Amino acid sequence: MSHLSDLEIANQSTLKRINEIAEKVGITNEALEPYGHFRGKVDITKLKDKTEKGKVVLVTALSPTPAGEGKSTVTVGLADALNQLNEKVMVALREPSLGPVFGMKGGATGGGYAQVLPMEEINLHFNGDLHAITTANNALSAFIDNHIYHGNELNIDSRRIEWKRVLDMNDRELRQVVVGLGGPGRGVPREDGFDITVASEIMAIFCLSNGIEDLKENLANITVGYTVDKKPVTVRDLKVEGALTLILKDAIKPNIVQTIEGTPALVHGGPFANIAHGCNSIIATNTARKLADVVVTESGFGSDLGAEKFLDIKARKAGFDPSAIVIVATIRALKMHGGVSKNELKTENVEAVKKGIVNLNKHIENIKQFGVEPVVAINAFIHDTDEEVKFVEDWCKGQGVKVALTEVWEKGGKGGIDLAKEVLKVLEKPQQFKPLYDLEMSIEDKLETIVQKVYGGRTVKFTDKAYKQLKTIKENGWDKYPVCVAKTQYSFTDDPTKLGAPTEFDITIRELLPKTGAGFIVALTGDIMTMPGLPKQPAALNMDVNEDGTAKGLF
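Residue numbering for the sequence shown follows the working numbering, beginning at 730 and increasing consecutively.
See the structure below:
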């Protein structure tokens, strides 16, 4: 068992030049734009199309716990295992955000011997996409305030500007700010606030656009606020969609990197999964489908958040059906769902696993409701015992669910061969994928469908504020959009402390935010923050850089 850190393992790996990786999947030198030796971008306009597109394997998980699930690790390891079985495979992942990297969650490049590389660059500035999205978002803020300063021809109500500035860092001090102070020459005073970049609507649009023209159209459709007589004001009204698209023209090209084992990987886009839809870009996933026969991708958090949004929002917009879905489970997380505290997880406790299995069971039910067969990956951790693992394996088999012990963190692709074989069995069979709700349904019915079928709750309640917003949404004809529920990732409910698989609960919708550029309605529940704060001991305290410029303490 390795005692090296993820960064040490990454630094000991031998990387291939990016043109070699690109060649593996038929990306020509003309279509490849190298960023240094080991990463690049793909100009999708220079790729050949193919009639038979690759099949999509989605990796999701049970409800996450502080014990860790390793979803990205399994995603990467599964792709490496399929590569070892001579499948033409690519992995498609989200880009990490600097907020979580320097905060609590850590990076997003996998772990152990199942990582995408170069992990330092990917976890820090990478190819500049998040900076471009931050710039586009804040340019729009500047254009709005400038329009008001120069006479406000559109009659924008400065108290009803919905568009916020963003920063790719957890910074609670910026949640609410006042701008324009200092006299007439400094602008028009108003309240404002910052979100984290990955919660920006431009990030969601970036990931849900099918190309540069679609990107421009979606940016034009953003509602930035309302006039004095409560009419929506869009980017199209401000005439700046061309400028915003120009800022994003290079960022929109998918980034190509590699796994430790040299499997080609596209890492592109990264919206928050408990706020936005939590999946990498449609452009990257569809590019991988053009180049490979199997595409392994992931969605954020558990099936109730990332997978539901992937299946009801992303797949619908992207025009593909997932062909298999993997649910990552860990013995540690099952024990926590069974009532064990984090510091007791090293002790064998089959009874707690038995109690916690209700959480996994609900996630399996969720995936089946979409008409796709799930495969359970038991992601191995060092303190799991044979008895605990055997219980989960036997339970899955008893339920008629495919299951595989997965040891990719320790063994790389070799540790994922059993999982890959189970996934390939599912890929051979036609699936009956169907989104959970019809877009013609009312917002209330869409939300109730998600709460009852995915979360296992009773019904939906709305605050007075949400009711008012619902009225505005209907008046403006935005009620045919899908819904994107922002809720805690730790529980099926809106209360993060309720683990397992609770029943007999209601979900309260605090606010409904129309994202008319991204094409969905965000329903805020609980105390979900669009600008997180840093923890008392942020991961940044362990980070440094050596004399030769290599990173230290980056996980």
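For every residue, glycine included, the Cβ atom is placed at its ideal position computed from N, Cα and C.
Quick caveat, the model's predicted, so the values are computed rather than measured.
#### Entry: Touching by the beta-carbon criterion (3+ pairs, under 8 Å), the region 1055-1073 and the region 1108-1125
Touching, per the Cβ criterion.
### Message
From the DSSP secondary-structure annotation, give me the bridge partner or partners of Tyr842.
### Response
Start at 1 with the first residue of the sequence shown, and residue 842 comes out as number 113. Partner residues in a beta bridge of Tyr842, as assigned by DSSP, do not exist.
### Query
According to the Cβ coordinates, are Gly911 and Asn1088 closer than 9 Å?
Within the sequence shown, numbered from 1, the residue matching residue 911 stands at position 182. Within the sequence shown, numbered from 1, the residue matching residue 1088 stands at position 359. No.
### Query
Taking 8 Å as the cut-off, is the CB of Pro1231 close to at least one heavy atom of the ligand FAD?
The ligand FAD is absent from the structure shown, which contains no ligand whatsoever.
### Task
Inspect the beta-carbon positions of Leu1263 and Ala1252 and report whether they are closer than 9 Å.
Counting from 1 along the sequence shown, the entry for residue 1263 is found at position 534. Counting from 1 along the sequence shown, the entry for residue 1252 is found at position 523. No, they are not a contact pair.
### Query
For Ala861 versus Asp979, is the C-beta spacing smaller than 9 Å?
Within the sequence shown, the letter at position 132 stands for residue 861. Within the sequence shown, the letter at position 250 stands for residue 979. Going by C-beta atoms, Ala861 is nearer than 9 Å to Asp979.
### C-beta contact flag for Ala1044 and Val785 at 9 Å
Start at 1 with the first residue of the sequence shown, and residue 1044 comes out as number 315. Start at 1 with the first residue of the sequence shown, and residue 785 comes out as number 56. Yes, Cβ-Cβ distance for Ala1044 and Val785 is below 9 Å.
#### Entry: Uninterrupted beta strand (DSSP E) stretches inside the region 1067-1108 (no shorter than 3 residues)
Listed in chain order, the complete beta strand (DSSP E) runs (minimum 3 residues) inside the region 1067-1108 are 1103-1108.
### Query
When the Cα atoms are used, what is the spatial distance from Met730 to Tyr842?
Position 1 of the sequence shown, counted from the first residue, corresponds to residue 730. Position 113 of the sequence shown, counted from the first residue, corresponds to residue 842. In this predicted model, Met730 has a pLDDT of only 48, less than 50, meaning its place in the structure is not dependable; the value taken from the coordinates is given anyway. C-alpha separation (whole angstroms): 11 Å.
### Query
Taking buried to mean at least 16 other C-beta atoms within 10 Å of its own C-beta, is Pro793 buried or exposed?
In the sequence shown, the residue the question calls residue 793 occupies position 64. Its Cβ being crowded by 16 or more others within 10 Å, Pro793 is buried.
### Message
Would Ile885 and Thr963 qualify as a contact pair, given that the criterion is a beta-carbon distance under 9 Å?
### Response
Working through the sequence shown from its first residue, we reach residue 885 at position 156. Working through the sequence shown from its first residue, we reach residue 963 at position 234. Result no, Cβ atoms of Ile885 and Thr963 do not sit closer than 9 Å.
### Query
Which residue comes first and which comes last in the beta strand (DSSP E) that contains Met932?
Counting from 1 along the sequence shown, the entry for residue 932 is found at position 203. Element bounds for Met932: not the beta strand (DSSP E) but the alpha helix (DSSP H), Glu930 to Leu937.
### Query
Where does Asn984 fall in DSSP's three states?
Within the sequence shown, residue 984 is the residue found at index 255, counting from 1. DSSP places Asn984 in the strand class (E or B) of the three-state scheme.
### Query
Which term fits Phe831, buried or exposed, when burial requires 16 or more other beta carbons within 10 angstroms of its beta carbon?
By one-based count along the sequence shown, residue 831 stands at place 102. Buried: at least 16 other Cβ atoms inside 10 Å.
### Query
Going by beta carbon distance, what residues of the same chain come within less than 8 Å of Leu733, once the five residues before and after it are set aside?
Locating residue 733 in the sequence shown gives position 4, counting from the first residue. Answer for Leu733: Gln741, listed in chain order.
### Task
Can you tell me which of the three DSSP states Phe1039 falls into?
Residue 1039 sits at position 310 when you count from the first residue of the sequence shown. Correct three-state label for Phe1039: helix.
### Backbone CA spacing between Val908 and Arg894 [nearest angstrom]
Within the sequence shown, numbered from 1, the residue matching residue 908 stands at position 179. Within the sequence shown, numbered from 1, the residue matching residue 894 stands at position 165. Each residue's Cα considered, the two are about 11 Å apart.
### Message
For Thr1279 and Lys982, I'd like the C-alpha separation in whole angstroms.
### Response
Along the sequence shown, one-based indexing puts residue 1279 at 550. Along the sequence shown, one-based indexing puts residue 982 at 253. Each residue's alpha carbon lies about 27 Å from the other.
### Task
Could you pull out every residue in the same chain whose Cβ sits closer than 7 Å to the Cβ of Gly1068, ignoring the five residues on either side in sequence?
Position 339 of the sequence shown, counting from 1, holds the residue named residue 1068. Contacts found: Ala1081 and Lys1084.
### Task
May I have a chain-ordered list of the beta strand (DSSP E) segments no shorter than 3 residues that lie completely inside the region 1231-1283?
Runs found: 1235-1244 and 1249-1254.
#### Entry: Same chain, Cβ closer than 8 Å to Val1152, five either side skipped, listed in chain order
Working through the sequence shown from its first residue, we reach residue 1152 at position 423. Shown here for Val1152: same chain residues with a beta carbon closer than 8 Å to its own, the five before and five after excluded, namely Val786, Leu807, Leu811, Ala1053, Val1055 and Val1104 in chain order.
#### Entry: Identity of the residues DSSP links to Met1285 by a beta bridge
The structure shown does not extend to residue 1285, since the chain spans only 730 to 1284, so no value can be given for it.
### Message
Applying the 10 Å Cβ sphere with the 16-neighbour rule, what's the burial state of Gly1127?
### Response
Position 398 of the sequence shown, counting from 1, holds the residue named residue 1127. Residue burial annotation: Gly1127 is exposed, with fewer than 16 other C-beta atoms found within 10 angstroms of its C-beta.
### Query
Under the DSSP definition of a beta bridge, which residues are partnered with Cys1008?
In the sequence shown, counting from the first residue as 1, residue 1008 sits at position 279. Its beta-bridge partners are Ser1028.
### Reference Pro1000, options Ile738, Phe1191 and Ala1247, closest by Cα
As a working note, residue 1000 is residue 271 in the sequence shown. The residue among Ile738, Phe1191 and Ala1247 with its C-alpha nearest the C-alpha of Pro1000 is Ala1247.
### Query
Curious, which full-length beta strand (DSSP E) runs of at least 3 residues does the region 875-932 contain?
Those beta strand (DSSP E) runs which fall completely within the region 875-932 and span 3+ residues are 885-890, 894-896, 906-908, 919-921 and 923-925.
### Task
Look up Tyr955 in the DSSP assignment and give the residues it is bridged to.
As a first step, residue 955 is located in the sequence shown; it is residue number 226 there, counting from the start. Pro961, per the DSSP bridge assignment.
### Task
May I have the straight-line CA-CA distance separating Asp1277 from Glu850, to the nearest angstrom?
By one-based count along the sequence shown, residue 1277 stands at place 548. By one-based count along the sequence shown, residue 850 stands at place 121. Put simply, the backbone Cα of Asp1277 is about 15 Å away from that of Glu850.
### Message
So for Thr1059, helix, strand or coil by DSSP?
### Response
Within the sequence shown, numbered from 1, the residue matching residue 1059 stands at position 330. Thr1059 falls in the coil class under three-state DSSP.
### Query
Is Gly1141 helix, strand or coil by DSSP?
Position 412 of the sequence shown, counted from the first residue, corresponds to residue 1141. The answer is helix: DSSP assigns Gly1141 an H, G or I state.
### Query
Ends of the beta strand (DSSP E) at Glu762?
For the purposes of this step, residue 762 is taken as residue 33 along the sequence shown, with counting starting at 1. Segment Leu761 to Pro763, the beta strand (DSSP E) holding Glu762.
### Gly1048 in three-state terms, based on DSSP
Locating residue 1048 in the sequence shown gives position 319, where the first residue counts as 1. Correct three-state label for Gly1048: coil.
### Query
Whose C-alpha, out of Phe1284, Gly769, Gly783 and Val754, is nearest the C-alpha of Asp729?
Any answer about residue 729 is impossible in this case: the structure gives the chain only from 730 up to 1284.
### Task
Name the one or two DSSP bridge partners that Val1212 has.
Here residue 1212 refers to the residue found at position 483 of the sequence shown. Ile1250.
### Query
Does DSSP put Thr1226 in a helix, a strand or coil?
On the sequence shown, position 497 is the one that residue 1226 refers to. Looking at Thr1226 - three-state DSSP - the assignment turns out to be coil, as it is neither helix nor strand.
### Task
Put Gly769 into one of helix, strand or coil per three-state DSSP.
By one-based count along the sequence shown, residue 769 stands at place 40. Here Gly769 sits in strand by DSSP.
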